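In this note's numbering, the protein residues as written are 1 to 553. Where a beta carbon is used, it is the ideal one built from N, C-alpha and C, also for glycine. Keep in mind that this is a model prediction, so the values were computed, not measured.
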RNA sequence: GCCCCGGUAGCUCAGUGGACAGAGCGGCGGCCUUCUAAGCCGUUGGUCGGGGGUUCGAAUCCUCCCCGGGGCGCCA
């Protein structure tokens, strides 16, 4: 059991033994390290019902509290009545040994073992290149999926292509127009057409591969070709960008397949049976207002064509049919209003209330040369994911996008990411990892490397780790599994970037003040073991964020 | 008009109702015959947007304002 749970259980037992009325026991990390590793304010909360001073209650609680003295070195009342608990150095040293024996095993958990979770993210229309907003979506979705995996869940990463709607027709028509303009500059461009430079590139590509054979053909006769060509090229481009961004999707789901396999009809049928739809003005409506939405929504237009919502419901129904215990969608803030209607539809279908979880992330604004770069398909400014990767690399891009909580409007400062790369937190963290690797490449006694030896170092030598900065570092390592679990629970990957920076800082501090390669062999071995444990923890945590852990920099 | 997100140090942002509100960057001043100076040490910095309220206790919860961003289609 993790210390927090153990402390919580002990407090619950102590309160029960004294007959105190405690509903919920808060066990929190004190902000000030002088207040121990864990603290509980239960005595403060009990002061009123017990009509006794909180400090007195705290004293009584400490007296009754049964905690293993080998693991908990200090249990004391402090301040207005907090009960503070400190993990013993011996227990912290034991954590180092456990990390070395099995880093992933120590840092991960099996809390969600046996649960199957579908994480759907990015899901951008294949009508243009991915930009920085999609990159935030990709980084968040992938990290959330990895966090679930770190809790033992069986996770599938999925991408939904809206390849069936009118947008694809417009895309095809846009490329067709640019193609014709290669010979006739005045050829009309569609009113709502896509004007990005990539459209001209694709038109040029058609000329190279197909020649002039569509030059004198009526648009109606060749638009299907252009639509298909454009869809294939954009889809391939998106896939290749994401692969380079280190996101490995398990499934690419095409909206068009829902039209082909009768899913739309089945979905309408299910909703009809549930009494959730009706017809009005020649259209089919979802009775969303009966399931929490503010108003009813059209599913099938009076023209007989489905709205965007119907295939989306059918898609979520498909995911549910495939047996996932939970589905997570990562959406941009511009889609937040669809949460309610989607939840209404799923409620109508009879799914559990929290089956679908939607993560909303806010807009990213780019700052370059001190000015905001407005996202525009017309301009050829550096806003695409590809250009971002070319310019500052995958590691920095991912890390920067994950540093901030999803629901903050983040400012991505390109000048900082690029020009001041020495001061980048990602390098700070990676450097800690590389620094440790460097020590081991210089090591003249390879048998001192705890990872190279046949067996782990004798437990006794860890007792040599007594310096304040070593204890602090071990404390940070010991806490990491809880930070990861909390990040998974709250679906907030930014907690890991914070933890990584703290861990790296504690390491650099220790490194700067104490040498590893010292005369005293046991001390050297103990310090090398702590260094390796730190390195493993850094690598495992960076891996969750999809950021590399370099051996040298 | 209604809905969602934000407003915390010069800047970018942490802060799950608890102890004097934190970090990085920036500014200022130091440290390289040493296992990587992409590092370390010191210092500068705040009406937590504003007013009420709930609570033993509020940056955190409720309410009303102010400011910024986004969204409110038989578009996708």
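Asked: By alpha-carbon positions, which one of 277, 108, 40, 121 ends up nearest to residue 85?; Found: 40
Asked: When the Cα of residue 576 is compared with those of 7, 13, 38, 20, which residue comes out closest?; Found: Summary: the structure shown does not reach residue 576, with the chain confined to residues 1 through 553, and so no result is reported for it.
Asked: Out of 161, 202, 167, point me to the one whose CA is closest to residue 181's CA.; Found: 202
Asked: Could you compute how far the alpha carbon of residue 545 sits from the alpha carbon of residue 143?; Found: 5 Å
Asked: Span of the beta strand (DSSP E) holding residue 120?; Found: 116 to 120
Asked: Leaving aside the five residues before and after residue 378 along the sequence, list all residues of the same chain whose C-beta is less than 6 Å from its C-beta, in chain order.; Found: Summary for residue 378: the model assigns pLDDT 46, below 50, so the residue's position carries little reliability; its value from the coordinates is reported in the next sentence. Hits under 6 Å: 195.
Asked: Pairs of beta-carbons, one from the region 213 to 224 and one from the region 104 to 118, closer than 8 Å: are there three or more?; Found: no
Asked: Using a Cβ-Cβ cutoff of less than 7 Å, which residues in the same chain neighbour residue 363 once the five nearest sequence positions on both sides are dropped?; Found: 133, 333, 409
Asked: Please classify residue 361 as buried or exposed, where buried requires at least 16 other C-beta atoms within 10 Å of its C-beta.; Found: buried
Asked: Using 8 Å as the cut-off, can you tell me whether the region 174 to 188 makes contact with the region 151 to 161, which would need three or more C-beta pairs spanning the two stretches below that distance?; Found: no
Asked: What whole-angstrom Cβ distance do residue 528 and residue 449 have, given they're in contact under 8 Å?; Found: 6 Å
Asked: Expressed to the nearest angstrom, what Euclidean distance is found between the alpha-carbon atoms of residue 95 and residue 68?; Found: 16 Å
Asked: Of the residues 521, 404, 277, which one's Cα is nearest the Cα of residue 365?; Found: 404
Asked: Cα separation between residue 124 and residue 33?; Found: 45 Å
Asked: In this structure, does DSSP put residue 442 in helix, strand or coil?; Found: coil
Asked: Considering Cα atoms alone, identify which of 464, 543, 496 is closest to residue 514.; Found: 464
Asked: As a quick exercise: from 204, 198, 167, pick the residue whose alpha carbon is nearest that of residue 571.; Found: No statement about residue 571 is possible, as the shown extent of the chain runs from 1 to 553 and does not include it.
Asked: Could you tell me how far apart the beta carbons of residue 271 and residue 286 are, in whole angstroms, since I believe they sit closer than 8 Å?; Found: 7 Å
Asked: Does the region 101 to 117 come close enough to the region 477 to 492 that 3 or more CB-CB pairs lie under 8 Å?; Found: yes
Asked: Do residue 59 and residue 77 have their beta-carbon atoms positioned less than 9 Å apart in this structure?; Found: yes
Asked: Can you tell which of 113, 534, 127, 160 has the C-alpha that lies nearest to the C-alpha of residue 193?; Found: 127
Asked: Across which residues does DSSP place residue 306 in a beta bridge pair?; Found: 300
Asked: Which residues in the same chain have their Cβ closer than 6 Å to the Cβ of residue 542, if we skip the five residues on either side of it in sequence?; Found: 549
Asked: Contact defined as beta carbons within less than 8 Å: I believe residue 503 pairs with residue 537. What is the distance between those atoms, to the nearest angstrom?; Found: 7 Å
Asked: Might you give, ordered along the chain, the residues of its own chain that have their beta carbon closer than 8 Å to the beta carbon of residue 351, omitting 5 neighbours on each side?; Found: 320
Asked: Between residue 27 and residue 3, what straight-line distance do the alpha-carbon atoms span, to the nearest angstrom?; Found: 10 Å
Asked: What does residue 82 pair with, by DSSP beta-bridge criteria?; Found: 78
Asked: Residue 554 lies in the beta strand (DSSP E); which residues open and close that run?; Found: In the structure as shown, the chain begins at 1 and stops at 553. Residue 554 is therefore absent and cannot be evaluated.
Asked: Could you give the first and the last residue of the continuous alpha helix (DSSP H) run that contains residue 137?; Found: 132 to 150
Asked: Could you pull out every residue in the same chain whose Cβ sits closer than 7 Å to the Cβ of residue 551, ignoring the five residues on either side in sequence?; Found: 434, 437
Asked: Measuring alpha carbon to alpha carbon, tell me which of 24, 139, 18, 369 ends up nearest residue 414.; Found: 369
Asked: Quick one: Cα of residue 380 to Cα of residue 113, how far?; Found: At residue 380 the pLDDT is 49, less than 50, meaning the model places this residue with poor confidence; the figure from the coordinates comes in the next sentence. When rounded, the distance between both Cα atoms is 46 Å.
Asked: Compare the C-alpha of residue 252 against each of 373, 238, 340, 264 and name the closest.; Found: 238
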